[in-house]
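These notes concern the structure reproduced below.
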Amino acid sequence: FPDKVCGIYVTANNRNIMLRAQMPHIGLREDILRQLAYVVGKDPEHATLYDWRIALSHAVRERIVDRWFASTRRTYEEGAKRVYYLSMEFLIGRLLEDAITNLRLDEAAELAFRELGIDYAAVLLDEPDAALGNGGLGRLAACFLESLSTIGCPAYGYGIRYEHGLFRQSFEDGRQVEAPETWLLQHHVWEFERPEAMFQIGFGGEVREAGARAVWEPTEAVFAEAYDTPIVGWQGRWANTLRLWSARAVDPFDLERFNLGDYVAAAAPEALARTISRVLYPDDTTEPGKELRLKQEFFFTAASLRDILRRFDSEYDDIRKLPAKVAIQLNDTHPAIAGPELVRLLHDERGLEFDEAVALARGTLSYTNHTLLPEALEKWSEGLMGRLLPRHMTLIERIDALHARENPTRKAAARANGQVNMGELSFVMAHKVNGVSALHTELMKATVFEDLHQLHPDRIVNQTNGVTPRRWLLSCNPRLSALVTEAIGEDWVDDLEQLARLEPRLSDAGFVEGFAAAKRANKVDLSNWMAQGHDLLVDPEAMFDVQIKRIHEYKRQHLNILEAIALWQEIRANPDAGWAPRVKIFGGKAAPGYVFAKKIIRLINDVARVVNADPVTSPHLKVVFLPNYNVSLAERLIPAADLSEQISTAGKEASGTGNMKFALNGALTIGTLDGANVEIRERVGEENFFLFGMTADEVVNRRDIANHAAKAIAADTRLELALKAIREGAFSPKERDRYRDITDNLAGPDYFLVCSDFADYWRAQREADAAYRDSAAWTRKAALNTARSGWFSSDRTIRGYMGEIWNAGSLNP
Ligand code: F58
């Protein structure tokens, strides 16, 4: 609890009185009405859902602010080390329910709205998702923020306040159509504008030598303006800040041009500056607007570093204390320019010797790698970098030279072949580099960072990803969480390993029945929602088989749909074979420029149309692609899933985090030995996991076999027939060769080894069918998945970073 409380409605005393009276909803209801009148300006008679949502959000926000102040005060008082998480993406989703859950106001809010005669669930659903991220990397950053607050580790998230987050996806004739997402059109209650925290960020220009120092004189500049969102942890014991930067023009308006009647040109500087924080890059395949992307990266990194040093200076007068008081985590290489920029600030602007500046920066920075895919490893041409950031280009050269001096056997350099390799740069500028699962970390050592790892064998460490149990169990799955709390008390919420205590309860028929009933009710809810919102009728008795994630070749949604086609054909041939009914559910967006991924989406939609209309197979098999997959949809789907599809080509998925959410909510995984699947299987038990496919090593060897795909097809009639159906236009009768590029790819290079893994995938799926038929045994396996998933909490991950990377502590009481 805050030691000094200045809010009127949440003084500890008032709160205690209310708690004692067990009527917290009355206080909340009064606050909602007060906010509705005096902040929203509406009479309850005429208030819309939106108005109620804004009023509730303000009432909740009020209850966070004092705790937020108290956390900051405490950090200053203790002189504690601060952690700064720099990330291009924070996929935070909705914030209202999260805050309500963590402040434990859920019952009060529900009661308050019942008394007001308003549909509380609808109020919560009215909030748009803040989709400031593409996928796993951005969602991980959001889980980390919540865990940092729950643990009470003083921390800031730093990123970009994109005007438009990830695009909205719809389907037209089965094809993905993208529309801009407009989350900021409505009043965003959670943020506080900080016009006083404004920095001028420069680009381009010249570097002038001034004695021993260099002075960078940019020709272009924009302002970075801060917006703060408090992130409250479990039970409101601590709150940290997410600070997002918005770009605005230094000279917003050209009056001279305006007076000449050129209104468009007059407003141009502002429009140009704002472009920097206009949109989240959705694309990991094409390279449009490279310059803008690099500008975004430097913009938010430079503003964050300036802010970090300003805060440091306000407390300490010796810059050499920086590594002791500040830890900066680079979420992938997008903020990698932090290395040279910090060196520039320390060397050029503060006059430290170059070598010392590098040492201090290295002591402060650490870097997380999230991918080994060569096409996703960031590289910038020296031309572009030199034009946009001339001083940094020279500093990178000097960093390389210093590193070469320190390590004479070094082979590669950050600057090589006309390009700057941001992974190498991050590695040499960090004191720790981490992978996101055990397998991924080992592959990092053996592949992309092989040389650097030899030189610095202690630098690479592993921190397997995790997910916050507050959002991904407590709040998204109230039925299961109530059951768990009833069985073992509620300490699991911030100590997820407590879930292990559920295991002995598996011999208790009541508990097992409760577990099955919770899953069933979640499935009924999802079926009703699909019927109402999407006109899709599915049987909640069927197995809900779910694959939700970005659409990517390596994630192999096409393997899943091929299996669906083969299954459909087999059921048609033999409808009375006692098939275990299945609903295959897909969700996910493809990068707008990723043609192949978009084809996969269309194929799934085409297959769904044909299969769902087939009266013979329809009692046994349905295929559903839900549009606009986002955090909120994940919260709806995961609690209702029976089977979790984690079927990437081994060695390609760095970790995965969806895999953890599913297991935690009692879904069984069908998956390859990839990313964190390996660790999930180890923990939940191999008998409770449907394993298939080649290992990462076998994948590499398989590619050396000539015509591996053709051989796999020739050896498997089911696969052959499924591919034939696509090729002959069974799902696109009006355009038979619509999927030629997919079938040609699969029969030809098949780099991701869909064909080679197909037969084993089919086998594992039939094992899943057989297991599902024995519903008691299935429930037991599902419950074991929940009971044994405690390790996958992001609290555990964050404690790992705090101990092994940041050397930071917790201030939680
Ligand atoms: C993901 N990366 C990994 N990148 O694919 C996943 O295995 C891992 O669990 C997750 O990070 C968290 O560690 C990822 O999501 C991106 O979204 C890129 C962001 C920059 C643009 C290109 C996509």
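The working numbering numbers the first residue of the sequence shown as 31 and each following residue consecutively. Each residue gets a CB set at the ideal place from its N, CA and C atoms; glycine is no exception.
Residue i Cβ short of 7 angstroms to ligand 1 heavy atom set
i	result
S177	no
E119	yes
L196	no
A406	yes
V466	yes
Y311	yes
H400	yes
G686	yes
E683	yes
G496	no
N164	yes
G563	no
G705	yes
L170	yes
L167	yes
Distance CB(residue i)-CB(residue j) smaller than 8 angstroms
i	j	result
G688	Y659	no
L485	P669	no
L403	L310	no
G19	E137	What is shown of the chain runs 31 to 843, which leaves residue 19 out entirely.
S762	D636	yes
V466	T398	yes
I358	L116	yes
W275	S307	yes
E675	V554	no
A693	I677	no
N642	T816	no
Y114	V356	yes
M560	Y802	no
P438	G393	no
T699	F722	no
F120	A171	yes
Residue i - containing beta strand (DSSP E), residue span
i	result
A530	Run containing A530: none; DSSP gives neither H nor E here.
M690	Not the beta strand (DSSP E): M690 falls in the alpha helix (DSSP H), residues G688 to L694.
V262	E250 to V262
G189	A185 to I190
E247	R243 to E247
T398	L395 to T398
K72	Per DSSP, K72 belongs to no beta strand (DSSP E) and is neither H nor E.
K441	Taken as a continuous stretch (DSSP letters only), K441 belongs to no beta strand (DSSP E), as it is neither H nor E.
L651	L651 to L656
Bridge partners - residue i, DSSP secondary structure assignment
i	result
G465	N492
D521	Beta-bridge pairing links D521 to no other residue.
Y584	Its beta-bridge partners do not exist; DSSP assigns none.
K409	N451
V356	R112
I578	G617
M573	R612
T271	Y186 and P260
A431	According to DSSP, A431 bridges with nothing at all.
E239	A244
R445	V450
Endpoints, the alpha helix (DSSP H) within which residue i is located
i	result
N775	R770 to A777
L753	T747 to R757
S537	No alpha helix (DSSP H) holds S537; DSSP gives it neither H nor E.
K811	S805 to A817
V729	A726 to R732
K741	H738 to A744
T827	S824 to Y831
L58	P54 to Q65
H483	E480 to L485
Residue-level contact to chain C via CB, residue i, 8 angstroms cutoff
i	result
V458	Chain labels in this structure do not include chain C; a single protein chain is all it has.
Which whole runs of the beta strand (DSSP E) in the stretch 277-303 are 3 residues long or more, in chain order?
-> none
Going along the chain, which unbroken runs of the alpha helix (DSSP H) with 4 or more residues stay wholly within the stretch 667-724?
-> Segments of the alpha helix (DSSP H) lying fully in the stretch 667-724: 688-694 and 707-714.
Can you list, in chain order, the stretches of the alpha helix (DSSP H) that have 4 or more residues and sit fully within the stretch 82-161?
-> 126-132, 136-146 and 150-155
Contained alpha helix (DSSP H) runs [length at least 4] in the stretch 160-236, N- to C-terminal order = 166-181
What are the start and end residues of each continuous alpha helix (DSSP H) run of 4 or more residues lying completely inside the stretch 586-640, in chain order?
-> 587-603
What beta strand (DSSP E) runs, 3 residues minimum, are completely inside the stretch 316-389?
-> 356-361
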